[in-house]
Amino acid sequence: MSFSSFSFLLFLPAVALVYAGVRRFAGPRPAQACLLVASLVFYALPRPSHLPLLLVSILFNWAVARRMAVQEDPGRRKNWLRLGLVANVALLASFKYVDFFFLQIGRLSGFELPMPHWDFPLGISFFTLTQVMYLVDCYQKLNEPISLFDHATVVSFFPYVSSGPIVRAKEIADQFGSARPAGSRTEMASRGLFLFTQGLAKKVVFADSFGAVADAGFASVAQLSTVEAWAFSLAYTLQIYFDFSGYSDMAVGAAWILGFDIPQNFKAPYISKSISEFWQRWHISLSNFITSYLYMPIVRSMGKATLRTSIVAAGLWHGPGWTYILFGLMHGVALALNQVWKKKSKRRLPDGVGWALTFLFVNASFIVFRSPSLPAAWQMLKGLLPHHNLFGRELLATVVPFAPSVLLRPVVIGTVLAFFFKSSWDLASEFRPTWRTSMGTAALLVATLLFLNSSVVKQFVYFAF
1363 MSFSSFSFLL
1373 FLPAVALVYA
1383 GVRRFAGPRP
1393 AQACLLVASL
1403 VFYALPRPSH
1413 LPLLLVSILF
1423 NWAVARRMAV
1433 QEDPGRRKNW
1443 LRLGLVANVA
1453 LLASFKYVDF
1463 FFLQIGRLSG
1473 FELPMPHWDF
1483 PLGISFFTLT
1493 QVMYLVDCYQ
1503 KLNEPISLFD
1513 HATVVSFFPY
1523 VSSGPIVRAK
1533 EIADQFGSAR
1543 PAGSRTEMAS
1553 RGLFLFTQGL
1563 AKKVVFADSF
1573 GAVADAGFAS
1583 VAQLSTVEAW
1593 AFSLAYTLQI
1603 YFDFSGYSDM
1613 AVGAAWILGF
1623 DIPQNFKAPY
1633 ISKSISEFWQ
1643 RWHISLSNFI
1653 TSYLYMPIVR
1663 SMGKATLRTS
1673 IVAAGLWHGP
1683 GWTYILFGLM
1693 HGVALALNQV
1703 WKKKSKRRLP
1713 DGVGWALTFL
1723 FVNASFIVFR
1733 SPSLPAAWQM
1743 LKGLLPHHNL
1753 FGRELLATVV
1763 PFAPSVLLRP
1773 VVIGTVLAFF
1783 FKSSWDLASE
1793 FRPTWRTSMG
1803 TAALLVATLL
1813 FLNSSVVKQF
1823 VYFAF
């Protein structure tokens, strides 16, 4: 059930009303049970056969955490942690990487190996990392193991189970029994609706408009002029921002409507003046996971860390493929160079220069990320450089008419929003429910629904991860 579907737009308010009613008249635990059932229904609807996998993963990780908690011997505690980590990595690798590895082995050996072609379970990357963090936190005694009921609700919570943000179990579990004043809940729900509506608009109005442009260009990389290569690559860079940040806004907004705080995942990343700042603003929950659970443990255990290795792992997390590996490697090298520059150089780049270099690099890396293969990525990257076909507008003119149109308006407005406007999170944080702001939210929601009704909405990009 996509967040941008009409079915979800009915599902969310229905769950919110039932949850609020049960919590008021029966208490927080029965209300939490309703939330758990709703989350499992949400997860099972697209592919019921994947629900048992989620449930087994939840039960296994909960049991491992409980076993660690009762172990007095540090060695046994570490063995239980190793078991949990290996099992989670194996689960993720089985569904995401087996076909890729078999294909590479077949190419090297000359034998054609049978591919399992297992269906990719919804949100497996996100709920696996959430549980990895839970196991590590329990091992380090940062928090006590939570009940199976709480753990199941945390992991399966429908606002983030499919595409994040990646959450720490303790942060969510502590909110199940917390009481908020009625006025506070109403204001939080109002801000949540405003943020959710912004995210929906980002997806159906802007991301899909940029996506229509980008898809045409990446399907014809060999024919592109220099101008077209820049236009189509920038279109994808803006598409993935509006798509993923739109989903994250909808996830946080849905959680706020239900009365839960979950982490911010985007903070205007395209205004970043360095690549390190970019990763503090882009997919923040994944960046925090890499820093706290991958990079810093290497520092503690080995006395040094390879930042490049950590970011390559983040690239691989997105899925199997040499393009994802190269994407991670590019960012790892860029972050390492950024660290060297900060340590060795006494000069600070002017803000404008830092922004331009960062954005141009990010745009180039997203070309690699989007391309179906390394040769296709190289073809598009070469196309950015001036060549004999500099201004050819044949393909571009068929996709983005150089006159006002339904497509062109979102593209222009979206470009302004991405670079020159406050982030949706900042706008929602400043939001106060008044008659005027409520009417503004309603107007934005109606306009977005009209756009949604008149267009074909694509699946969220990160649903594939």
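Residue numbering for the sequence shown follows this note's numbering, starting at 1363 and increasing by one per position.
Here a beta-carbon is modelled for each residue, glycine too, at the ideal position from N, C-alpha and C.
Note that the coordinates shown come from a computational prediction; the quantities given were computed from them, not determined experimentally.
- Taking each of 1539, 1647, 1729 and 1468 in turn and checking the Cα distance to residue 1528, the smallest one comes out for 1647.
- Fully contained in the stretch 1377-1423 are the following alpha helix (DSSP H) runs of length 4 or more, in chain order: 1390-1406.
- For residue 1607, same chain residues with a beta-carbon under 7 Å away, outside a window of 5 residues either side, are 1564 and 1628 in chain order.
- Secondary structure in the stretch 1472-1504: no beta strand (DSSP E) run of 3 residues or longer lies completely within the stretch.
- Comparing alpha-carbon positions, the option among 1603, 1363 and 1424 lying closest to residue 1570 turns out to be 1603.
- Taking 8 Å as the upper bound for CB-CB distance, residue 1555 and residue 1803 are in contact here, some 6 Å apart.
- Apart from sequence neighbours up to five positions away, the residues of its chain that approach residue 1501 with a beta-carbon distance below 7 Å are 1430, 1439 and 1443, ordered along the chain.
- The three-state secondary structure of residue 1580, taken from DSSP, is helix.
- In the structure shown, the three-state DSSP call for residue 1702 is helix.
- CA-CA distance, residue 1553 to residue 1582, rounds to 42 Å.
- In this structure, residue 1697 and residue 1638 form a Cβ contact; the two beta carbons are roughly 6 Å apart against a cut-off of 8 Å.
- For residue 1785, no alpha helix (DSSP H) segment is defined, and its DSSP state is neither H nor E.
- Nearest to residue 1702 by alpha-carbon distance, out of 1577, 1636 and 1522, is 1636.
- With a cutoff of 8 Å on beta-carbon distance, residue 1684 and residue 1736 are scored as near each other.
- When the five nearest sequence neighbours on each side are left out, the beta carbons in the same chain lying within less than 7 Å of the beta carbon of residue 1390 are those of 1538 and 1539, in order along the chain.
- A buried status is given to residue 1732, since no fewer than 16 other beta-carbon atoms sit within 10 Å of its beta-carbon.
- The straight-line gap separating the alpha-carbon atoms of residue 1822 and residue 1433 is approximately 43 Å.
- Here the alpha carbons of residue 1561 and residue 1805 stand approximately 15 Å from one another.
- Residue 1654 sits in a helix when the DSSP states are folded into three classes.
- Looking only at 1587, 1631, 1610 and 1464, the smallest Cα-Cα distance to residue 1624 is reached by 1610.
- Taking 8 Å as the cut-off, the beta carbon of residue 1441 is found no closer than this to the beta carbon of residue 1494.
- With the rule of 3 Cβ pairs closer than 8 Å, the stretch 1591-1599 counts as touching the stretch 1741-1749.
- Put simply, the stretch 1506-1524 touches the stretch 1484-1498. At least three CB pairs are less than 8 Å apart.
- Residue 1644 sits in coil when the DSSP states are folded into three classes, being neither helix nor strand.
- Between residue 1374 and residue 1619, the C-beta gap is smaller than 8 Å, which places the two residues in contact.
- Judged by DSSP in its simplified three-state form, residue 1457 adopts helix.
- Judged by their CB atoms, residue 1567 and residue 1813 are nearer to each other than the 8 Å cut-off.
- Residue 1603 carries a helical assignment under DSSP once its states are collapsed to helix, strand and coil.
- In this structure, the alpha-carbon of residue 1513 lies about 7 Å from that of residue 1531.
- The beta carbon of residue 1612 lies closer than 7 Å to those of 1365, 1558, 1561 and 1562 in the same chain, with the five residues before and after it left out.
- For residue 1806, the enclosing alpha helix (DSSP H) begins and ends at 1797-1815.
- Contact between residue 1402 and residue 1509 fails: their C-beta atoms lie close to 17 Å from each other, not under 8 Å.
- Of the residues assessed, residue 1386 falls on the exposed side of the cut-off, its CB having fewer than 16 other CB atoms within 10 angstroms.
- Comparing alpha-carbon positions, the option among 1504, 1800 and 1547 lying closest to residue 1533 turns out to be 1504.
- Annotation: the stretch 1503-1537 contains no complete segment of the beta strand (DSSP E) (minimum length 3 residues).
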